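Trainee: Residue numbers (our numbering), protein chains in the order written: chain A, 17 to 689; chain B, 1004 to 1320.
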Amino acid sequence: MDAVQLLLLAVLLFGVGAVASLLLNKLSRAARVTAGLIGAIASGVGLVAVVRAMIGSPSSLELSAPLPFGHFNLQMDGLSTLMVGLICALGLAVSIYSISYLAQYPNRNVGVLGFFTNLFMAMMLLVVTVANAFYFLIFWEMMTLASYFLVTFESEKQESIQAGYLYMLVAHAGTALIMLSFFVLYSSAGSFDFAAFRQGQLSPALRNLVFLLAFFGFGAKAGIAPLHIWLPRAHPAAPSPVSALLSGVMIKTALYGILRICVDILGASVLWWGLLVLFFGVLSAVLGVFFAVAERDIKRILAYSSVENVGIILLGIGTGMIGLAINLPAVALLGFLAALYHTLNHSFFKGLLFLGAGSLDYRLHTRNLNEMGGLGRLMPWTGLTFLVGALAISAIPPFNGFVSEWFTYQSFFAASRAEGDFIVRVVLPLCAVILSLVGALAVVVAIKMYGGAFTGPARSDRASQAKEVPGSMLTGMGILAIGCIALGIGAPLIAPYLANVVTDVLNVPALSVANGLSVYPIDTGVAVLSTPLIAILLLGLLAVPLIVVAIYGGYRAGRRVVADPWACGYGYSSQMSISASSFDRPIVGTFSWIYLLRSIAQKPWGTIAGWAKRSKDTVARAEPILESVIRQPTTRAVDYLGQHIQALQMGDIRMYCLYIVLTLIILLIAIFH
Amino acid sequence: MISVGMILIGLLQAFAILAIAPLFSGFSRVLRAKMHNRRGPSIFQNYRDLAKLMKRQEVVSRQAGWVFRITPFVTMAAMLLVATIIPIFTIQSPFGWVGDLILVVYLYALSRFFFSLSGLDTGNTFGGIGAKRELLISVLIEPVILLVLFVMALLAGSTNLGTISTKIASGQIPYYTSVWLGMLAFAFATFVEMGKLPFDLAEAEQELQEGPLAEFSGQSLALMKWGIYLKQIVLVSLFLAVFLPFGSAAMTSSGVPTLLAILLGALIFFLKVGIFYFVIAVLENAMARVRFLKASAATWAAMGAAILSFVFYLANV
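Rendered as structure tokens:
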């Protein structure tokens, strides 16, 4: 079988898993095991398809279409293959993980959850491989619906329902924009095939229009600020394995859409497109990371951090588009390479961290970091894998996050050196500064998560009695942790592959970015980076302090592990340790103008404050005010519209007949006009 | 590019500055004492302290996990790797084939990551406070460091530290206004990162840089203290490599400098470090302590200098 056939097999297997899980719904245990195992096998088949596509030539497959318009053709070119690989790698880990994880829902419809999860996976695979806009939209919509039911799975929680509603709203607003962009493209190409879109001739104004529609349409799904408002609500509301899929891969399908439409089909030949993408990249990265710092719900931290990382990916895409616009293939290659690398990396470490957060939730039944603490000793393997994820997301060398950020810096550097366009020379070094600020804050976020959950004293009873999670959950996290390390140390193998994907999409001659053990930004004179050597040297240099210790006779003097931490001579209490929400205070205080801190008079004192102004107690609370400003009017407007449009649906059959007749008359007039 | 000679030089310079780091720290203690009109400790006191601590029994908090155990080793290894990459005795980066200035900045982050986490790991209040303050300082300072280095890299056309050093030393990059401004901002950033007043009082426990040290004892404390001395001198050497690389050993046709040149380079380097420490000691002792949360006002000034440096670079002056 060639690659696309294998892919189709994987999609069918996901379908089988979905139906089987639904049929076994009454038998909770059988349902979750079936859904997980078939999901894992299907992901494995998908990964085989990826390997086939990588060693073979790009393959495509046309199926007889069930609908008259549009060819149902699947194809696996470089970009699609990469996306399939990313979806299946995460799908494998998540499927294995969820076998045990879902055991905590014995009286729930686990079979339904398995059904939608597998369906969701299948739809994502089809979205990134289908080469026809009409079917793309169908699969895109099915993906959105499947994920909606996953977000609202814990439907007894008001929070989940609200999150799902908001998600639906933003996702459909985005889909509407995508549809419009496809119709404009269709009007010039005369076909819904992506291949025909590429040939279509559009006037510059229409090209700009299509770009804007597609960028914001997909951007809503990708969670770029300020369209990110649904993301920090919807991703944490879902069960953790699903959150991992939502943040790890679903938002990547939107980035795939941006690359496919704006870069592959439209060609990105206009400078301001790239600058616009950079602007939203900066906005997302900065807002995402600042709000992540201030959160204390671990899954909301991770969701905000996804907004940040989408921003970093957009910085790469924007730089690449600028490179295309000012006709510098090297800059374009580096920018897109950095973006794709970070896309890949983010899937792995964000998936890993969401699964880690799920493991904490599984044992502690809380997502509040303030109620955790000290779990590094009780859940050592969860702690270790989470630490790998935390190091990767902080871009610590030699882990994978560092390599992609390094390429992002190098793409900025290459573009800044380009003589000619002054705006580019001004903007890109400033983007580098922003990236370093975001990087420093990402370290704070990672330390807050790991430190809050795994170090220090236990801050609740449940935290002090936690046990390690079952093996299947550890396996799922282990796969992703190994992936994070391999994608970092294996950079000299990964980078050339991604560079080929980029040159394949852009149709530019191949340029070399790696040789032997090192990677470089095309020109070795500019910089060289060798992650395998960094790993070897770091491990080797660990010998120096060890030798020093050995010279002094090892730990001959012994260790005493009895004492409480020093507390100025007073009795120690775990309340004295730094909790997660006090951890961010210096940063929230210093950058209070970003959080728009408000002083809120607390309840009993608020009333007293009226007549005794001095006796009031105020608290400063970091709240995502931007979201409230955008969200509340939008949801209110939709509610209002909905209620008024409901007037049409009055339940009188004679009125409905009138509607049909009216529609017919209007259509007749339209045709004969 | 990889030659045995350069590998040896890289390791040699890392070990040399590891060995000499406590001496410079002792030097600044002596200077401080003199300025306070005290007799002060011997310049070798830090070595004695380290040797004494190495023999002491370790007392570990019951809360501490394995992050706390490995931190002294990881931070020292990270700083040693940085010390092999920065051009210190030579004009070229000895381990330039491993990474560039971006790697150096992120290796600092590696050391900071474990340092801060170890402060939280013990459950000690002061450790946690030290950790969060250390991180705030890094958030404020890292963009300054990166912007200055980015501008210097743009002037040199490479992010390789050796190339930047070479071009500055040979006059291919003249001392433009932008270089002076960058030097000013970078010196300030180095000063802050070294844990000096007005932000920090490195001698006081419960303070920023030593905060996470509160629970360390015995051999771990010795390694942590040594690691901090090393970090300080590595920060200074990065400043010197980028802005004042004069006197470092130049390359010969064989790709490795002569032994005499390396020794001379080492001597000149230690002189420059001595002068830098002297200037820092004078500045530090002439300053009052400010409230920690006012630190951002001062770092904004540094950011301003760095941005001006960038603006002057754009204007080619």
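Glycine included, every Cβ here is placed at the ideal spot set by N, Cα and C. For clarity, every value in this text was computed on a predicted model and none was experimentally measured.
Give me the Cβ distance between F227 of chain A and I281 of chain A, rounded to the nearest whole Å; I'm assuming they're in contact under 8 angstroms.
Mentor: For this step, residue 227 of chain A is matched to residue 211 along the first sequence. For this step, residue 281 of chain A is matched to residue 265 along the first sequence. Between I281 of chain A and F227 of chain A the Cβ distance is about 10 angstroms, and since that is not below 8 angstroms, they are no contact.
Trainee: With a cut-off of 8 angstroms, does the C-beta of D1052 of chain B fall near any C-beta of chain A?
Mentor: The count along the second sequence starts at 1 and reaches residue 1052 of chain B at position 49. Judged by the 8 angstroms Cβ criterion, D1052 of chain B is not in contact with chain A.
Trainee: Give the DSSP-derived three-state secondary structure of D633 of chain A in the structure shown.
Mentor: In the first sequence, the residue the question calls residue 633 of chain A occupies position 617. For D633 of chain A, the pLDDT reaches just 39, beneath the cut-off of 50, and the residue's location in the model is therefore unreliable, although a value from the coordinates is still provided. Note: D633 of chain A maps to coil in three-state DSSP.
Trainee: Tell me, please, whether the CB atom of I1010 of chain B is closer than 8 angstroms to any CB atom in chain A?
Mentor: Here the question's residue 1010 of chain B lines up with position 7 in the second sequence. I1010 of chain B does not count as touching chain A.
Trainee: Go through its chain and collect everything with a Cβ distance to G1126 of chain B's Cβ below 7 angstroms, but skip five positions before and after it.
Mentor: The count along the second sequence starts at 1 and reaches residue 1126 of chain B at position 123. So the qualifying residues of the chain are S1064, Q1066.
Trainee: Could you check the C-alpha separation between I1144 of chain B and A1192 of chain B for me, to the nearest Å?
Mentor: Numbered from 1 along the second sequence, position 141 holds the residue referred to as residue 1144 of chain B. Numbered from 1 along the second sequence, position 189 holds the residue referred to as residue 1192 of chain B. Going by the C-alpha atoms only, they are around 6 angstroms apart.
Trainee: Expressed to the nearest angstrom, what Euclidean distance is found between the alpha-carbon atoms of L1266 of chain B and V1259 of chain B?
Mentor: By one-based count along the second sequence, residue 1266 of chain B stands at place 263. By one-based count along the second sequence, residue 1259 of chain B stands at place 256. Approximately 13 angstroms, taken between the alpha carbons.
Trainee: Based on Cα-Cα distance, which residue from B:R1136, B:T1180, B:M1306, B:D1052 lies nearest to L1296 of chain B?
Mentor: The sequence position of residue 1296 of chain B within the second sequence is 293, counting from 1. Out of B:R1136, B:T1180, B:M1306, B:D1052, B:R1136 has the C-alpha closest to the C-alpha of L1296 of chain B.
Trainee: If I measure Cβ to Cβ from S1141 of chain B and keep anything under 7 angstroms in the same chain, skipping five residues before and after, which residues do I get?
Mentor: The residue given as residue 1141 of chain B occupies position 138 in the second sequence. R1115, listed in sequence order.
Trainee: Is it right to say M17 of chain A is buried, meaning 16 or more other beta carbons lie within 10 angstroms of its own, or is it exposed?
Mentor: For the purposes of this step, residue 17 of chain A is identified with residue 1 of the first sequence, where counting begins at 1. Using a 10 angstroms sphere on the CB of M17 of chain A, the tally of other CB atoms stays under 16, which defines it as exposed.
Trainee: Would you mind reading off the limits of the beta strand (DSSP E) that contains R575 of chain A?
Mentor: As a working note, residue 575 of chain A is residue 559 in the first sequence. 575–579 is the extent of the beta strand (DSSP E) around R575 of chain A.
Trainee: Closest Cβ-Cβ distance between Y466 of chain A and chain B: below 8 angstroms?
Mentor: Taking the first residue of the first sequence as position 1, residue 466 of chain A is located at position 450. Yes, Y466 of chain A counts as interfacial toward chain B.
Trainee: Based on Cα-Cα distance, which residue from A:G180, A:N384, A:L356 lies nearest to T424 of chain A?
Mentor: Taking the first sequence and counting its residues from 1, the one referred to as residue 424 of chain A is at position 408. Here the closest residue by C-alpha is A:L356.
Trainee: Over what stretch of residues does the alpha helix (DSSP H) that includes Q174 of chain A continue unbroken?
Mentor: Here the question's residue 174 of chain A lines up with position 158 in the first sequence. 174–205 is the span of the alpha helix (DSSP H), which, as asked, contains Q174 of chain A.
Trainee: Against chain B, with Cβ distances strictly below 8 angstroms, would A456 of chain A count as a contact?
Mentor: Residue 456 of chain A sits at position 440 when you count from the first residue of the first sequence. Chain B contact via Cβ: present.
Trainee: Output the distance between the C-alpha atoms of S219 of chain A and F210 of chain A, rounded to the nearest integer angstrom.
Mentor: In the first sequence, the residue the question calls residue 219 of chain A occupies position 203. In the first sequence, the residue the question calls residue 210 of chain A occupies position 194. Near 18 angstroms, if we compare the C-alpha coordinates of F210 of chain A and S219 of chain A.
Trainee: Near T1162 of chain B, what residues of its chain come up, given a Cβ to Cβ distance below 7 angstroms and the 5 sequence neighbours on each side ignored?
Mentor: Within the second sequence, the letter at position 159 stands for residue 1162 of chain B. Only D1103, L1104, I1105, A1156 meet the Cβ criterion.
Trainee: I want to see whether chain B comes within less than 8 angstroms of L318 of chain A, judged by CB atoms only; does it?
Mentor: Counting from one through the first sequence, the residue named residue 318 of chain A turns up at place 302. No, no contact with chain B.
Trainee: What alpha helix (DSSP H) runs, 4 residues minimum, are completely inside the region 1054–1110 of chain B?
Mentor: 1069–1088
Trainee: Check distances from the C-beta atoms of the region 1149–1168 of chain B to those of chain A and list, in chain order, the residues that come in under 8 angstroms.
Mentor: L1149, L1150, F1153, V1154, A1156, L1157, G1160, S1161, T1162, N1163, T1166
Trainee: Would Y425 of chain A pass as an interface residue toward chain B - the criterion being a Cβ-Cβ separation below 8 angstroms?
Mentor: Residue 425 of chain A sits at position 409 when you count from the first residue of the first sequence. Yes, Y425 of chain A counts as interfacial toward chain B.
Trainee: So, at 6 angstroms on beta carbons, what are the nonlocal neighbours of N1049 of chain B in its own chain, with the 5 sequence-adjacent residues on each side left out?
Mentor: Here residue 1049 of chain B is taken as the residue at index 46 of the second sequence, counted from 1. Closer than 6 angstroms at the Cβ level, and outside the excluded window around N1049 of chain B, lie P1025, S1028, G1029.
Trainee: Here's the rule: buried if 16 or more other CB atoms are within 10 angstroms of the residue's CB, otherwise exposed. What is A431 of chain A?
Mentor: Start at 1 with the first residue of the first sequence, and residue 431 of chain A comes out as number 415. It counts as buried.
Trainee: Please state the DSSP three-state secondary structure of M395 of chain A.
Mentor: For the purposes of this step, residue 395 of chain A is taken as residue 379 along the first sequence, with counting starting at 1. M395 of chain A falls in the coil class under three-state DSSP.
Trainee: For R379 of chain A, which residues in the same chain have their Cβ closer than 6 angstroms to its Cβ, ignoring the five residues on either side in sequence?
Mentor: By one-based count along the first sequence, residue 379 of chain A stands at place 363. Same-chain partners within the cutoff: A482.
Trainee: Listing by chain order, which chain A residues have their CB less than 7 angstroms from the CB of M1079 of chain B?
Mentor: Taking the second sequence and counting its residues from 1, the one referred to as residue 1079 of chain B is at position 76. Chain A residues near M1079 of chain B: V560, P561.
Trainee: Mind listing which residues of the region 1235–1255 of chain B have their C-beta closer than 9 angstroms to chain A's C-betas, in chain order?
Mentor: Taking 9 angstroms as the Cβ-Cβ cut-off against chain A, none of the residues of the region 1235–1255 of chain B qualify.
Trainee: Which two residues bound the contiguous beta strand (DSSP E) that contains N89 of chain A?
Mentor: In the first sequence, residue 89 of chain A corresponds to position 73, counting from 1. It spans 88–92 - the beta strand (DSSP E) in which N89 of chain A sits, taken as one unbroken run.
Trainee: State the DSSP-derived secondary structure class of S1256 of chain B, mapped to helix, strand or coil.
Mentor: As a working mapping, residue 1256 of chain B is identified with position 253 in the second sequence. If DSSP states are grouped into helix, strand and coil, S1256 of chain B belongs with coil.
Trainee: For D600 of chain A, I'd like the list of residues in its chain whose CB is within less than 6 angstroms of its CB, leaving aside the five on either flank, ordered along the chain.
Mentor: The residue given as residue 600 of chain A occupies position 584 in the first sequence. Listed in chain order, the non-local C-beta contacts of D600 of chain A below 6 angstroms within the same chain comprise V309, A310, local neighbours out to five positions each way being set aside.
Trainee: Could you check whether the Cβ of F429 of chain A sits closer than 8 angstroms to any Cβ belonging to chain B?
Mentor: Position 413 of the first sequence holds residue 429 of chain A. At least one chain B Cβ lies under 8 angstroms of F429 of chain A.
Trainee: Identify, in the order they occur along the chain, each residue of the same chain with its Cβ nearer than 7 angstroms to the Cβ of T1261 of chain B, setting aside the five sequence neighbours on each side.
Mentor: Within the second sequence, residue 1261 of chain B is the residue found at index 258, counting from 1. Correct list, in chain order: T1255.
Trainee: Does Q1016 of chain B pass the burial test, meaning 16 or more other C-beta atoms within 10 Å, or should it be called exposed?
Mentor: Here the question's residue 1016 of chain B lines up with position 13 in the second sequence. Per the 10 Å Cβ criterion, buried.
Trainee: With H, G and I counted as helix, E and B as strand and the rest as coil, what does DSSP make of D377 of chain A?
Mentor: As a working note, residue 377 of chain A is residue 361 in the first sequence. Of the three classes helix, strand and coil, the one that applies to D377 of chain A here is helix, per DSSP.
Trainee: Under 8 angstroms between C-beta atoms, does V460 of chain A make it to chain B?
Mentor: Here residue 460 of chain A is taken as the residue at index 444 of the first sequence, counted from 1. True, the Cβ-Cβ gap to chain B drops below 8 angstroms.
Trainee: For D1124 of chain B, count the other beta carbons within 10 Å of its own beta carbon; 16 or more makes it buried, fewer makes it exposed. Which is it?
Mentor: Here the question's residue 1124 of chain B lines up with position 121 in the second sequence. Classification for D1124 of chain B: buried.
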